[in-house]
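Below: the structure, in structure tokens.
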Amino acid sequence: MLLTHVNSQVNLSALAKMVSNAGLQRMMFADDFKKQAKHLKQLLRKNGIQVEKKSYVSELIDISYDHLLTHYRHEYLYKVALLNSYVFHNHCLSDTILLNEFRIGNSKADTIIVNGANKVFEIKTELDSPERLCTQIDDYYKGFSEVYIVIHHSEIGKYLNCIDEHVGIMVFSKDNTIELCKAAQVYNEKLDIVAMIKALRKDEYLQLVYKMAGEIPKATPVQLFKACINMLSKYPVLEVHAEFLKIIKQRINLCTNDLIQKSELPAALRLSCYYYNLDQNDYISLVDKLSYQI
Amino acid sequence: MYLPYLRGKQYELLALRELCALPLDNTKIFPILEPIKTTLKSIETALVALKRIGIQMQLIVNPEHGELKGNGNVVLDFIDHIRSLGVDNVIPTYMILSDRDFAYFESTATARGYLESGYSLVHLNQISNVTALKALVNNSAIRFNIIHVTHQMSLKRGFTNGELTLLSDPFNKQKRNSDYISVTDEFFSNDYLYYADEKFAAFSDYLTIGSEFIEGGMLPYAVAIHLTYVHKDSGEIWIRHFISDSNEDYSDTPGKFGEALDKLIEFIDAEGLHTMACEQFRDYHSRGAFPGLGVVKKLSIMHHIQLIQELI
Chain A
1 MLLTHVNSQV
11 NLSALAKMVS
21 NAGLQRMMFA
31 DDFKKQAKHL
41 KQLLRKNGIQ
51 VEKKSYVSEL
61 IDISYDHLLT
71 HYRHEYLYKV
81 ALLNSYVFHN
91 HCLSDTILLN
101 EFRIGNSKAD
111 TIIVNGANKV
121 FEIKTELDSP
131 ERLCTQIDDY
141 YKGFSEVYIV
151 IHHSEIGKYL
161 NCIDEHVGIM
171 VFSKDNTIEL
181 CKAAQVYNEK
191 LDIVAMIKAL
201 RKDEYLQLVY
211 KMAGEIPKAT
221 PVQLFKACIN
231 MLSKYPVLEV
241 HAEFLKIIKQ
251 RINLCTNDLI
261 QKSELPAALR
271 LSCYYYNLDQ
281 NDYISLVDKL
291 SYQI
Chain C
1 MYLPYLRGKQ
11 YELLALRELC
21 ALPLDNTKIF
31 PILEPIKTTL
41 KSIETALVAL
51 KRIGIQMQLI
61 VNPEHGELKG
71 NGNVVLDFID
81 HIRSLGVDNV
91 IPTYMILSDR
101 DFAYFESTAT
111 ARGYLESGYS
121 LVHLNQISNV
131 TALKALVNNS
141 AIRFNIIHVT
151 HQMSLKRGFT
161 NGELTLLSDP
171 FNKQKRNSDY
181 ISVTDEFFSN
191 DYLYYADEKF
201 AAFSDYLTIG
211 SEFIEGGMLP
221 YAVAIHLTYV
231 HKDSGEIWIR
241 HFISDSNEDY
251 SDTPGKFGEA
261 LDKLIEFIDA
271 EGLHTMACEQ
281 FRDYHSRGAF
291 PGLGVVKKLS
301 IMHHIQLIQE
311 LI
């Protein structure tokens with residue numbers, strides 16, 4: 001009895017690993033696609049699911065996703081729901097950027113959405129614990145104005161008391177959508193110019209300095225970063241923040257946005273294609289693979 | 001003789017190639033190279049450069065790490081191929097960890113004629129077929145019998161043939177670069193002073209990298225520059241670790257390099273060190289340039305090899 005239980009957890013977590021941002025990208029875009037697709041099919045069988053002798057890869061992905069929704073709601077499912085239910089319904093992708101595992105302070109934000117607003121989503125699934133939540137949230141406010149925790153609808157009570165008043169709550173609902181439970185308040189008191197610079201890529205922070213100061217400091221490569229910090233520290237934090245968000249929004253990729261909304265893509269795959277920065281060539285080969293029978 | 005043990009990574013090979021300009025002394029330096037990538041082109045380039053100054057490389061044919069693990073025939077074919085092109089300064093070198101390694105050595109070295117043309121062995125473990133191994137070694141054209149320090153007493157006994165070499169790993173590797181802050185100056189090795197007294201013809205080490213094999217690498221919180229030097233009183237080799245100060249996250253690697261480099265320059269100026277690598281460090285320092293972390297490793301290795309060459 002115990003052994004089957006342990007086994008089923010192992011099989012579920014193995015399946016969850018494949019149905020994740022990295023797992024799906026590995027399967028769909030690496031060289032050993034057929035091997036990985038076969039592996040996915042085997043994992044479904046191990047999880048006790050009847051699979052037809054010949055199944056389309058897109059079906060296998062759908063079945064895996066549905067199975068995990070019932071039995072093992074890991075973080076990727078929340079991220080998928082955030083895109084498919086929340087973002088698609090409330091925002092226009094052409095003016096919105098989603099960031100995955102974005103480093104700010106000493107934490108990594110699960111999902112960040114920047115459009116007119118800027119929001120961080122910290123996902124705590126039923127498989128997670130509230131540990132580190134406070135330090136994570138503190139870090140997020142160094143670069144962003146609104147912070148939400150995203151939790152399972154059954155766990156509201158568990159989290160209600162461990163968050164500050166301006167932190168919002170979203171829940172993963174019974175219908176597997178993301179619903180607003182408590183709106184976040186804009187909180188800009190902890191915005192931190194150094195943390196914002198550190199969160200950007202080199203070309204981006206140079207652009208930030210240029211936009212603010214009209215020039216890039218003359219410094220040796222070794223001194224350049226510190227010189228940028230010194231220069232930007234003279235400006236009001238809200239002005240730097242506004243420019244910081246504009247620069248992040250330059251990462252919006254209109255072509256990818258278009259492609260991931262095509263009906264050929266399984267719901268679970270859209271997000272990992274978004275983060276993959278899917279281009280036209282990727283898309284053509286992807287559709288081919290999805291209709292492959294294994 | 002000194003046998004620096006290197007892995008076939010980009011900057012380790014570059015270190016060897018740049019040292020050709022020193023030039024390396026072909027009576028003293030005999031690098032050991034463990035290839036880790038299936039593409040051996042960069043090793044060929046290094047071998048061609050080393051051949052011009054008469055340096056012989058011991059190339060590991062059964063690597064323990066990387067893409068070539070368990071795929072030694074690729075290296076054997078490579079050796080035979082480049083020898084046919086006239087690049088003959090390569091000595092097939094086998095790691096002996098188990099009886100399987102011995103069997104592999106015996107069959108391939110026999111088939112390819114290495115028992116007559118020359119080969120080396122790196123003894124990492126005592127094996128059960130030790131009698132047969134010694135019989136084969138003592139009656140064939142072995143160049144270097146390289147003995148790992150852990151088992152040196154038992155492993156070195158009974159070999160009457162080949163240059164006995166002591167392989168040690170004096171680099172005290174810390175988990176994180178910032179951990180070196182508590183040991184900025186420590187003993188490294190005195191092998192070069194005593195190897196001859198202990199009946200070794202040569203010695204070998206894993207330089208300032210250590211024997212542990214690490215694939216790739218992440219951006220570090222702290223930048224570390226490791227530099228070996230001769231301790232004035234004892235004549236032993238010590239090592240200094242120059243560590244950056246602002247180590248709270250992994251931003252601004254160039255700035256951290258600058259912090260560590262300031263400390264290194266102060267030290268080499270005070271000690272009057274002028275190896276090729278030290279001069280390059282001075283050049284980066286004067287320009288405030290950041291060459292990348294691979295170059296930092298390259299210079300650390302180059303410095304160590306030059307230091308030893310000048311001591312022996």
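Same order as they appear, the protein sequences are chains A and C.
Under our numbering, think of the first position of the first sequence as 1, with each following residue one higher.
Under our numbering, think of the first position of the second sequence as 1, with each following residue one higher.
Ideal Cβ positions, reconstructed from N, Cα and C, are used throughout, including at glycine.
Since the structure is predicted, the reported quantities are computational estimates derived from the model, not experimental observations.
Closer than 7 Å at the C-beta level to chain C, one finds these residues of the region 98-113 of chain A: Asn106.
Secondary structure at Phe144/A: coil, using DSSP grouped into helix, strand and coil. Residue-level contact check: Lys226/A touches chain C, since one or more beta carbons of chain C fall below 7 Å from its beta carbon. Annotated as proximal: Ser178/C and Asn247/C, with beta-carbon spacing under 7 Å.
Under DSSP, Ser120/C takes part in a beta bridge, and its partners are Thr93/C. Neighbours of Phe290/C in chain A, taken as residues whose beta carbon is under 8 Å from its own, are Pro221 and Val222 in chain order.
Leu166/C: member of the beta strand (DSSP E) spanning Glu163 to Ser168, first to last residue. Under the three-state reduction of DSSP output, Arg112/C falls in the helix class. Taking Glu34/C as the centre and dropping the five residues before and after it, the same chain places the C-beta of Arg7, Ile60 and Pro63 closer than 6 Å to its C-beta, in chain order. Taking all protein chains in view, the Cβ of Val90/C is crowded by 16 or more other Cβ atoms within 10 Å, so the residue is classified as buried.
Counting along the chain, the unbroken beta strand (DSSP E) around Gly168/A starts and ends at Gly168 to Phe172. In terms of CA proximity to Ser233/A, Leu191/A leads the group Lys246/A, Pro221/A, Tyr274/A and Leu191/A. According to the DSSP assignment, Met231/A belongs to the alpha helix (DSSP H) that extends over Pro221 to Leu232. Per DSSP, the beta-bridge partners of Ala224/C are Ile243/C. Asp88/C and Phe159/C have their C-alpha atoms spaced approximately 26 Å apart. Following the DSSP letters along the chain, one finds Asp164/A in no alpha helix (DSSP H), marked with neither H nor E. Take the alpha-carbon of Asn161/A and the one of Leu133/A: they are about 12 Å apart. Per DSSP, the beta-bridge partners of Ile104/A are Ser107/A.
Under the three-pair Cβ rule at 8 Å, the region 71-88 of chain A counts as touching the region 166-184 of chain A. Burial is judged here by how many other beta carbons sit within 10 angstroms of a residue's own beta carbon; Glu126/A has fewer than 16 and is exposed.
Under a criterion of Cβ atoms nearer than 7 Å, the residues of chain C adjacent to Lys198/A are, in order, Asp249 and Ser251. In this structure, Tyr65/A and Ala268/A form a Cβ contact; the two beta carbons are roughly 4 Å apart against a cut-off of 8 Å. The beta carbons of Glu122/A and Ile104/A sit about 11 Å from each other, so the pair does not count as a contact at 8 Å. The secondary-structure analysis by DSSP pairs Ala202/C across a beta bridge with Thr165/C. Within the same chain, Ser272 and Tyr276 come within 6 Å of Gln25/A by CB-CB distance, once the 5 residues on both sides are set aside. Under the DSSP assignment, Gln58/C falls in the beta strand (DSSP E) whose first and last residues are Met57 to Ile60. Ile243/C and Val223/C have their C-alpha atoms roughly 6 Å apart.
Residue contact with chain A for Gly86/C: absent (no Cβ-Cβ distance below 7 Å to any residue of chain A). Counting C-beta atoms within 10 angstroms of its own C-beta, Cys92/A has fewer than 16 neighbours from the protein chains shown and is therefore classed as exposed. Annotation for Arg287/C: no beta strand (DSSP E) segment contains it, though the alpha helix (DSSP H) segment containing it runs Met276 to Arg287. Distance check between Thr38/C and each of Tyr229/C, Lys9/C and Pro31/C places Lys9/C closest, using alpha-carbon atoms only. Residues of chain A whose Cβ lies closer than 8 Å to the Cβ of Phe159/C do not exist; the shortest such Cβ separation is about 46 Å. It is roughly 16 Å from the alpha-carbon of Asp258/A to the alpha-carbon of Ser285/A. At a Cβ-Cβ threshold of 7 Å, Ala219/A and Ala213/A do not count as neighbours.
Among the residues of the region 250-270 of chain C, those with a Cβ less than 7 Å away from any Cβ of chain A are Ser251, Asp252, Pro254, Gly255, Phe257 and Gly258, in the order of the chain.
Tyr283/A sits in a helix when the DSSP states are folded into three classes.
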